[in-house]
Amino acid sequence: MKITFLGAAKTVTGSCYLVQFNNKNFLVDCGMFQGHSKENEFNEEPFPFNAADIDYILLTHSHIDHSGRIPKIYKDGFRGQVICTKATHDLCQIMLPDSGFIQEHEAEWKNRKLIRAGKSPIPPMYTAEEAMQSLKLFKYISYYEDVSLSDDLRVRFLDAGHILGSSILEIWVRENGHETKIVFSGDLGNNDLPILRAPDIIEDADYLIIESTYGNRLHSQTEDRVHKLMNIMKETIDRGGNVIIPSFAVGRTQEIIYEIHKFKEEYPEYVKFLNETPVYIDSPLAISATEVFRNNLDCFDEEAQTYVRNGDNPLDFPGLKLSKSADDSKALNEDQVPKIIISASGMCEAGRIRHHLKHNLWKPESSILFVGYQAVGTLGRRLTDGAKKVKLFGEEISVNAKIEVIEGYSGHADQNGLIDWVKHIKNKPKKVFIVHGEPDAQEVFSKLLDEKFGFDTVIPEYADHFDLTIGDVVETPFKETKDKFIRLQLLSQIEILQEQADFIGMHINQAYLNNKSDEEIEELQSKLSDLDRDLVSIRANLIK
Ligand SMILES: [Zn+2]
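Numbering of the sequence shown is given in our numbering, commencing with residue 1027 and proceeding in unit increments.
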């Protein structure tokens, strides 16, 4: 059996692993790269294998960085089955066509530029229609069901507690009369997440492929997050402002609704406030996703199921309003009643949230409340980093609203969570592959697995190819694709450095305005001189 790492290898996005045995080929996940623009260009690259040769895609969960290239592989000739849980199937039914719309939109935008430059237009990676077509290849199975896909391949999906329908995969492969068990952790959830169950436990594996997003970090305490949420809401509404919550449409939005519902049950003193304050979900995708959640109650944890059993819908409450059309959304900004608006995208890069920011960032009485991770380079990150002015729709907007951040809603297990999960594995896997993490997190996590459990760990790079019968990395069969990947990754790093330079520039301006001490300025000068020397030497080496 051979495994090739074709995504989420020393990065967190683009999950895609190719497993080959007995002339069969299957993928675990077929996700999109979602990083900097250069890294995203890699999504357009042809798959390094023949799409028609793939028999199955075993899909761990619906997040686009795990599922987003399924319509593309379908377009390229894949006609096998996509195996996943029902909730993953239901979520992909809305998320993949939505991703298709985004691709169409982006292609349109790029093409306007290309045509002006006298070049030929390009087609989108896939359209909403093509995404719809790819859905017919989906076949869903139940959690814990032992499914034989053929006489030499068996799978079982366990709950990963990361997003509705998310799974840990147990895969048994029979080769030369010998059965091998591979476990893919998928994205492992955080025990404290509302609605979802804690990740299921695995007790044995011959090979383990484990995520490491928070392999070097611990989440802050979650006890007070819901009180903090309520206090920010109440204070803002009391001073006549709006609370704008940029939120991922699938998962985080439903968790926030659930938290508000639960708070209302547990703290009667807030009932009056919550009954009088309208809460809007302003994102068509979030509205459809909430519907999917309501249709998959069996995936809920015990607490959420208790509400359901008592005839109470935990994803609804009297003040909750859905704003479906673009006109509904615009009307929210004309109406002067203080309100709470939950809208996407979560990092403020696209979608209706940008309109709400334009109408609220300049108002000192409003609050912008972040409940999710903000990647470097996004508008969300600039705001949480303290930008005083931002550009929206070509207009410069002053940031006067209160910028608030609540941590503790991460969908991923932190370092302790990962170790707690691993410690249930009784045998020592022959190898543990660490994926889905930034290199720093992976190094720390790899050392920890070695120290605590004596595991033989590997941090694979893009296109690394292992023959598990030999046990070692063999020459990559996809050298050309690997070179392209490395080039785009380097260009992405440069993009990040450029953004960091802009950020430092902004702070230097502010430092002078705030009368920083001479020592602080001197320290900054010396650090910048060091950086300057490094850059000059890199440049000189390149020219040589
Ligand atoms: Zn995920």
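Glycine included, C-beta positions come from ideal geometry on N, C-alpha and C.
| message | Distance check for G1345 and K1064, CA to CA, integer angstroms please. | response | In the sequence shown, counting from the first residue as 1, residue 1064 sits at position 38. In the sequence shown, counting from the first residue as 1, residue 1345 sits at position 319. Taking the straight line from one Cα to the other gives about 43 Å.
| said: Considering only the alpha carbon of each residue, which of V1297, F1289, A1330, I1270 lies closest to I1394? | reply: Along the sequence shown, read from residue 1 onward, the residue named residue 1394 stands at position 368. If we check each option's Cα against that of I1394, I1270 comes out closest.
| query | Just to confirm, does I1232 get its C-beta within under 7 Å of one of the non-hydrogen atoms of ligand 1? | reply | Your numbering for residue 1232 matches position 206 in the sequence shown. Note that residue 1232 corresponds to Asp in the displayed sequence, not to Ile. Result no, Cβ not under 7 Å from ligand 1.
| query | Using the C-alpha atoms, what's the distance from W1135 back to L1117? | reply | Position 91 of the sequence shown, counted from the first residue, corresponds to residue 1117. Position 109 of the sequence shown, counted from the first residue, corresponds to residue 1135. When rounded, the distance between both Cα atoms is 27 Å.
| message | Would you call the region 1085-1094 in contact with the region 1197-1217, where contact means no fewer than 3 C-beta pairs closer than 8 Å? | response | Touching, per the Cβ criterion.
| query | W1198 by DSSP, collapsed to three states: which one? | reply | Here residue 1198 refers to the residue found at position 172 of the sequence shown. Strand.
| query | If you follow the alpha helix (DSSP H) that I1189 is part of, which residue opens it and which one closes it? | reply | For the purposes of this step, residue 1189 is taken as residue 163 along the sequence shown, with counting starting at 1. Run containing I1189: none; DSSP gives neither H nor E here.
| message | Measuring straight from C-alpha to C-alpha, what distance separates S1490 and L1032? | response | The residue you call residue 1490 lines up with position 464 of the sequence shown. The residue you call residue 1032 lines up with position 6 of the sequence shown. What sits at residue 1490 in the sequence shown is Asp, not Ser. When rounded, the separation of the alpha-carbon atoms in D1490 and L1032 is 8 Å.
| message | So A1312 and A1370 are supposed to be a Cβ contact under 8 Å. How far apart are they, rounded? | response | Translated into the one-based positions of the sequence shown, residue 1312 becomes position 286. Translated into the one-based positions of the sequence shown, residue 1370 becomes position 344. Separation of the CB atoms of A1312 and A1370 is rounded to 6 Å, and the pair is thereby assigned contact status at 8 Å.
| Beta-carbon of L1341 versus every beta-carbon of chain C: anything under 8 Å? | As a matter of chain content, chain C is missing from the structure shown, which is built from one protein chain.
| Complete alpha helix (DSSP H) runs within the region 1369-1428 (minimum length 4 residues, chain order) | Scanning the region 1369-1428 from its first residue to its last, the whole alpha helix (DSSP H) runs of 4-plus residues come out as 1379-1386, 1405-1410.
| query | For ligand 1, which residues count as neighbours when the test is a C-beta closer than 5 Å to any heavy atom? | reply | Listed by position in the chain, the residues whose beta carbon lies within less than 5 Å of some heavy atom of ligand 1 are H1089, D1213.
| Under the three-state reduction of DSSP, which class applies to T1114: helix, strand or coil? | Taking the sequence shown and counting its residues from 1, one reaches residue 1114 at position 88. Helix, per DSSP.
| message | Does S1552 come out as helix, strand or coil in the three-state DSSP assignment? | response | For the purposes of this step, residue 1552 is taken as residue 526 along the sequence shown, with counting starting at 1. It is helical.
| Per DSSP, which one or two residues make a beta bridge with Q1107? | Position 81 of the sequence shown holds residue 1107. Answer is Y1082.
| field | Selected residue, minimal CA-CA separation from I1263, among M1121, D1411, I1236, V1305 | value | Counting from one through the sequence shown, the residue named residue 1263 turns up at place 237. Closest by alpha carbon: V1305.
| Touching by the beta-carbon criterion (3+ pairs, under 8 Å), the region 1359-1378 and the region 1398-1413 | Segments in contact, yes.
| query | By how many angstroms is the C-alpha of I1221 removed from the C-alpha of Y1333? | reply | Here residue 1333 is taken as the residue at index 307 of the sequence shown, counted from 1. Here residue 1221 is taken as the residue at index 195 of the sequence shown, counted from 1. Distance between the alpha carbons of Y1333 and I1221 is about 11 Å.
| query | Mind checking whether Y1240 and A1413 have CB atoms under 8 Å apart? | reply | As a position in the sequence shown, residue 1240 is number 214, starting the count at 1. As a position in the sequence shown, residue 1413 is number 387, starting the count at 1. In this structure, Y1240 lies away from A1413, with their beta-carbon atoms at least 8 Å apart.
| query | Just curious, the beta strand (DSSP E) that N1051 is in, first and last residue? | reply | Looking up residue 1051 in the sequence shown gives position 25. Unbroken beta strand (DSSP E) run through N1051: 1050-1054.
| Got a sec, what are the start and stop residues for the alpha helix (DSSP H) Y1306 sits in? | To locate residue 1306, count along the sequence shown from 1; it is residue 280. Note, Y1306: premise wrong, no alpha helix (DSSP H); beta strand (DSSP E) at 1305-1308.
| said: Quick check on DSSP: helix, strand or coil for Q1280? | reply: Indexing the sequence shown from 1 puts residue 1280 at position 254. Q1280 falls in the helix class under three-state DSSP.
| Do you know how far the Cα of E1469 is from the Cα of E1292? | On the sequence shown, residue 1292 is found 266 positions in, with the first residue counted as 1. On the sequence shown, residue 1469 is found 443 positions in, with the first residue counted as 1. E1292 and E1469 have their alpha carbons spaced roughly 43 Å apart.
| request: For my contact list, T1483 and I1520 are in at a C-beta cut-off of 8 Å; report their separation, rounded to the angstrom. | output: Residue 1483 sits at position 457 when you count from the first residue of the sequence shown. Residue 1520 sits at position 494 when you count from the first residue of the sequence shown. In this structure T1483 is not in contact with I1520, their Cβ atoms being roughly 30 Å apart against a cut-off of 8 Å.
| said: So the candidates are L1554, S1309, K1165; which of them puts its Cα closest to the Cα of K1350? | reply: What you label residue 1350 is simply residue 324 of the sequence shown in a count that begins at 1. Nearest C-alpha to K1350: S1309.
| From D1338, F1343, V1318, pick the residue whose C-alpha is nearest to that of T1303; which is it? | The residue labelled residue 1303 in the question sits at position 277 within the sequence shown. For the set D1338, F1343, V1318, the Cα lying nearest the Cα of T1303 is the one of F1343.
| said: Does S1168 come out as helix, strand or coil in the three-state DSSP assignment? | reply: On the sequence shown, position 142 is the one that residue 1168 refers to. In the structure shown, S1168 adopts coil according to DSSP, grouped into three states.
| 8 Å CB neighbourhood of K1384 in its chain, flanking five on each side removed | As a first step, residue 1384 must be located in the sequence shown, where it is residue number 358. Taking C-beta separations shorter than 8 Å and ignoring five residues to either side along the sequence, the partners of K1384 in its chain run L1418, F1419, E1421, I1423, following chain order.
| field | Beta-carbon gap between A1035 and E1487 smaller than 8 Å | value | What you label residue 1035 is simply residue 9 of the sequence shown in a count that begins at 1. What you label residue 1487 is simply residue 461 of the sequence shown in a count that begins at 1. Contact: yes.
| task | Count the other C-beta atoms from every protein chain shown that fall within 10 angstroms of the C-beta of D1185, then say buried if there are 16 or more, exposed otherwise. | result | As a first step, residue 1185 must be located in the sequence shown, where it is residue number 159. With 16 or more other Cβ atoms within 10 Å, it is buried.
| field | Cβ-Cβ separation, L1219 to K1050 (assumed contact under 8 Å), whole Å | value | Within the sequence shown, numbered from 1, the residue matching residue 1050 stands at position 24. Within the sequence shown, numbered from 1, the residue matching residue 1219 stands at position 193. In fact, because the Cβ distance is near 36 Å, the residues do not count as touching under 8 Å.
| Selected residue, minimal CA-CA separation from N1453, among D1172, I1496, F1479 | In the sequence shown, counting from the first residue as 1, residue 1453 sits at position 427. The option with the nearest alpha carbon to N1453 is F1479.
| said: Let me confirm a value: R1223 is counted as buried when at least 16 other C-beta atoms fall within 10 Å, else exposed. Which label applies? | reply: The sequence position of residue 1223 within the sequence shown is 197, counting from 1. It counts as buried.
| Taking the DSSP output, what are the residues bridged to Y1043? | Taking the sequence shown and counting its residues from 1, one reaches residue 1043 at position 17. For Y1043, which the question treats as bridged, DSSP gives the partners F1031, V1054.
| What residue does the beta strand (DSSP E) around P1272 start on, and which one ends it? | Taking the first residue of the sequence shown as position 1, residue 1272 is located at position 246. P1272 -> beta strand (DSSP E) spans 1269-1272.
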